[in-house]
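One structure is given here, and the rest of the page talks about it.
Protein chains: 2
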Amino acid sequence: AVALRDVRKVYGRRAAAVTALDGVTLDIDRGTFVAVMGPSGSGKSTLLQCAAGLDRPSAGEVFLDGVDLRRLSENELTMLRRERIGFVFQSFNLVPALSAELNVALPLRLAGRRPRRREVRDVLAAVGLAGRGRHRPAELSGGQQQRVAIARALVTRPAVLFADEPTGALDTRTGRDVLTLLRELVDVDGQTIVMVTHDPVAASYADRVAFLVDGRAAGELLDPDP
Amino acid sequence: AVALRDVRKVYGRRAAAVTALDGVTLDIDRGTFVAVMGPSGSGKSTLLQCAAGLDRPSAGEVFLDGVDLRRLSENELTMLRRERIGFVFQSFNLVPALSAELNVALPLRLAGRRPRRREVRDVLAAVGLAGRGRHRPAELSGGQQQRVAIARALVTRPAVLFADEPTGALDTRTGRDVLTLLRELVDVDGQTIVMVTHDPVAASYADRVAFLVDGRAAGELLDPDP
Ligand SMILES: Nc1ncnc2c1ncn2[C@@H]1O[C@H](COP(=O)(O)OP(=O)(O)OP(=O)(O)O)[C@@H](O)[C@H]1O
Ligand SMILES: Nc1ncnc2c1ncn2[C@@H]1O[C@H](COP(=O)(O)OP(=O)(O)OP(=O)(O)O)[C@@H](O)[C@H]1O
Ligand SMILES: [Mg+2]
Ligand SMILES: [Mg+2]
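Listed in order, the protein sequences are those of chains U and F. Note that this note's numbering has the first sequence beginning at 192, numbered continuously upward. Note that this note's numbering has the second sequence beginning at 192, numbered continuously upward.
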């Protein structure tokens, strides 16, 4: 579903240049749940953004369901993302002025679909936020905001879900509810999930763990257990 | 150092009212390291903000080094915070337009002191960010931003440090470096630390863990181990 070939990403220029990705090759098959782990600053968020078409690599290729993202214009890339990708940002990126319900419904509207109240409420209930839909992000706790971001990424039933540390702000039990939901989406609905995480317990829900160190792939673990 | 007496906090009114704290009594002695744990939405951030004078309870009393915070005006509260408190926010709250160095130096300036380049760079190095001081928050990873927020809270050597999930965005090793630093500040400098965390490993660095459930104190653990 997702393939990266020798992807490089450099920020800044000359003396100020920072190499975030230093030649990463990674394959993610459809219907699998892959975790990406590595030290702070090792390039995980950058990797996820390049894989999801939210950022362009400095070099190398990214394929999403066989489509070479470099051949797409910005508009085509935007449409592809809206149709097929869900993204949970490390800092949530919720719209402050909109309620949780409207934040969750937004990707449906952007994809040209008409949100049904039922589907928005169902996904909020699935992350334990039933009854909080009318609240705006500032009126919710950190872990509640994170769960709104997760619900928003899931509501379009995307082919590929990219999740950047989706349980970072959650206590153990709430985190496990979310991970169980993600596992179910893979096992039952055949969804593909790429999840960055620092938490070995979260990684244990995945089929495979890819390690990133200093912007390079540094080994793998199949069928991880905590 | 910090005492809360039957503190209540209600957000909103009438039908929309949400009780974030439902009568919390908690004592934190000087020179101790206390962790606060509990489910997402249980009131931990609210508790920390009331204890640090960043928010006013709906009822109950908060004492900081014997001073009843309700007797202080907004200006007096602000000065007290600048003199004696460091706060690491759950969402960092860095100033986007300022470099990491300037973000870290800001509390010194607000406290009327003149920041020395050495002290700003030392604290950035202590959290593993030597050489990244010139970068702005948007040019740093999630875990790096969190560490800038930690450095900023420590630079004034506050009497009491309040930290809201300070290792949430950090990998295990970086998190341990930060926790070791916090432990040292308590053991060597006699600092008082109140840390909200979801991570049992982080909690194991504390002298004591206080549990919060549905806005109420729900038990304690002395000398926790992971
Ligand atoms: N302005 C507000 N209006 C309404 N409810 C609010 C507001 N601010 C916070 N709350 C609610 O108060 C409760 C406690 O929030 P708080 O942020 O203290 O939780 P928390 O324990 O820090 O959670 P987390 O672990 O997810 O960060 C939550 O149910 C939250 O939704
Ligand atoms: N705009 C930028 N300019 C300069 N450097 C940048 C920029 N954006 C990211 N970086 C750097 O690229 C590297 C990789 O960043 P990235 O956000 O991918 O790390 P990460 O693995 O997600 O870290 P974390 O676990 O802390 O979230 C880091 O060293 C970061 O500081
Ligand atoms: Mg990241
Ligand atoms: Mg919180």
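Ideal Cβ placement from N, Cα and C applies to all residues, glycine included. The structure displayed is predicted, hence computed values, not measured ones.
Does any CB atom of chain C fall closer than 9 Å to the CB of residue i?
i: residue 207 of chain F; result: The question asks about chain C, but that chain is absent: this structure's protein chains are U and F.
Using DSSP with H/G/I as helix, E/B as strand and the rest coil, what is residue i?
i: residue 377 of chain U; result: helix
i: residue 205 of chain F; result: helix
i: residue 221 of chain U; result: coil
i: residue 410 of chain F; result: strand
i: residue 319 of chain F; result: coil
i: residue 331 of chain F; result: coil
i: residue 403 of chain U; result: strand
i: residue 346 of chain F; result: coil
i: residue 358 of chain F; result: coil
i: residue 199 of chain F; result: strand
i: residue 366 of chain F; result: helix
i: residue 194 of chain U; result: strand
i: residue 216 of chain U; result: strand
i: residue 383 of chain U; result: strand
i: residue 371 of chain U; result: helix
i: residue 340 of chain U; result: helix
i: residue 397 of chain U; result: coil
Say the cut is 8 Å; is the CB of residue i nearer than that to a heavy atom of ligand 3?
i: residue 404 of chain F; result: no
i: residue 355 of chain U; result: yes
i: residue 337 of chain U; result: no
i: residue 281 of chain U; result: yes
In angstroms with no decimal places, state the Cα-to-Cα distance between residue i and residue j.
i: residue 215 of chain F; j: residue 198 of chain F; result: 5 Å
i: residue 328 of chain U; j: residue 334 of chain U; result: 11 Å
i: residue 394 of chain F; j: residue 404 of chain U; result: 27 Å
i: residue 280 of chain F; j: residue 357 of chain F; result: 8 Å
i: residue 266 of chain F; j: residue 243 of chain F; result: 14 Å
i: residue 332 of chain U; j: residue 361 of chain U; result: 10 Å
i: residue 389 of chain F; j: residue 359 of chain F; result: 8 Å
i: residue 219 of chain F; j: residue 258 of chain F; result: 14 Å
i: residue 217 of chain F; j: residue 194 of chain F; result: 6 Å
i: residue 330 of chain U; j: residue 375 of chain F; result: 35 Å
i: residue 209 of chain U; j: residue 202 of chain U; result: 5 Å
i: residue 387 of chain U; j: residue 380 of chain U; result: 21 Å
i: residue 409 of chain U; j: residue 236 of chain U; result: 16 Å
i: residue 411 of chain U; j: residue 227 of chain U; result: 9 Å
i: residue 314 of chain U; j: residue 221 of chain F; result: 45 Å
i: residue 307 of chain U; j: residue 398 of chain U; result: 33 Å
i: residue 400 of chain U; j: residue 370 of chain F; result: 26 Å
i: residue 373 of chain F; j: residue 200 of chain F; result: 29 Å
i: residue 223 of chain F; j: residue 384 of chain F; result: 6 Å
i: residue 347 of chain F; j: residue 377 of chain F; result: 15 Å
i: residue 366 of chain F; j: residue 282 of chain U; result: 18 Å
i: residue 382 of chain U; j: residue 246 of chain U; result: 23 Å
i: residue 263 of chain F; j: residue 249 of chain F; result: 16 Å
i: residue 304 of chain F; j: residue 344 of chain F; result: 15 Å
i: residue 241 of chain U; j: residue 256 of chain U; result: 14 Å
i: residue 192 of chain F; j: residue 364 of chain F; result: 31 Å
Mind checking whether the beta-carbon of residue i lies closer than 8 Å to any heavy atom of ligand 4?
i: residue 332 of chain U; result: yes
i: residue 236 of chain F; result: yes
i: residue 382 of chain F; result: no
i: residue 360 of chain U; result: yes
Using 8 Å as the cut-off, classify the Cβ of residue i as near or not near the heavy atoms of ligand 1, replying yes or no.
i: residue 389 of chain F; result: yes
i: residue 209 of chain F; result: yes
i: residue 326 of chain U; result: yes
Cβ of residue i versus every heavy atom of ligand 2: is any distance shorter than 8 Å?
i: residue 231 of chain U; result: yes
i: residue 323 of chain F; result: yes
i: residue 203 of chain U; result: yes
i: residue 329 of chain F; result: yes
Mind pulling the beta strand (DSSP E) runs of 3 or more residues that sit fully within the stretch 257 to 314 of chain F? Runs of the beta strand (DSSP E) inside the stretch 257 to 314 of chain F: 276 to 279.
Every unbroken alpha helix (DSSP H) within the stretch 222 to 254 of chain F, with a cutoff of 4 residues, ordered by chain: Within the stretch 222 to 254 of chain F, the complete alpha helix (DSSP H) runs of at least 4 residues are 235 to 242.
Are the stretch 285 to 298 of chain F and the stretch 332 to 352 of chain U in contact at 8 Å, needing three or more beta carbon pairs? No: fewer than three Cβ pairs fall under 8 Å.
Touch test, the stretch 221 to 237 of chain F against the stretch 399 to 416 of chain F, Cβ-Cβ under 8 Å, three pairs minimum: Yes: at least three Cβ pairs fall under 8 Å.
On the three-pair Cβ rule with 8 Å, is the stretch 252 to 272 of chain U touching the stretch 282 to 289 of chain U? No, because fewer than three Cβ pairs between the stretch 252 to 272 of chain U and the stretch 282 to 289 of chain U fall closer than 8 Å, the two stretches do not touch.
Taking one C-beta from the stretch 335 to 342 of chain U and one from the stretch 307 to 322 of chain U each time, how about it: are there three or more such pairs within less than 8 Å? Judged by Cβ distances under 8 Å, the stretch 335 to 342 of chain U makes contact with the stretch 307 to 322 of chain U, as three or more pairs qualify.
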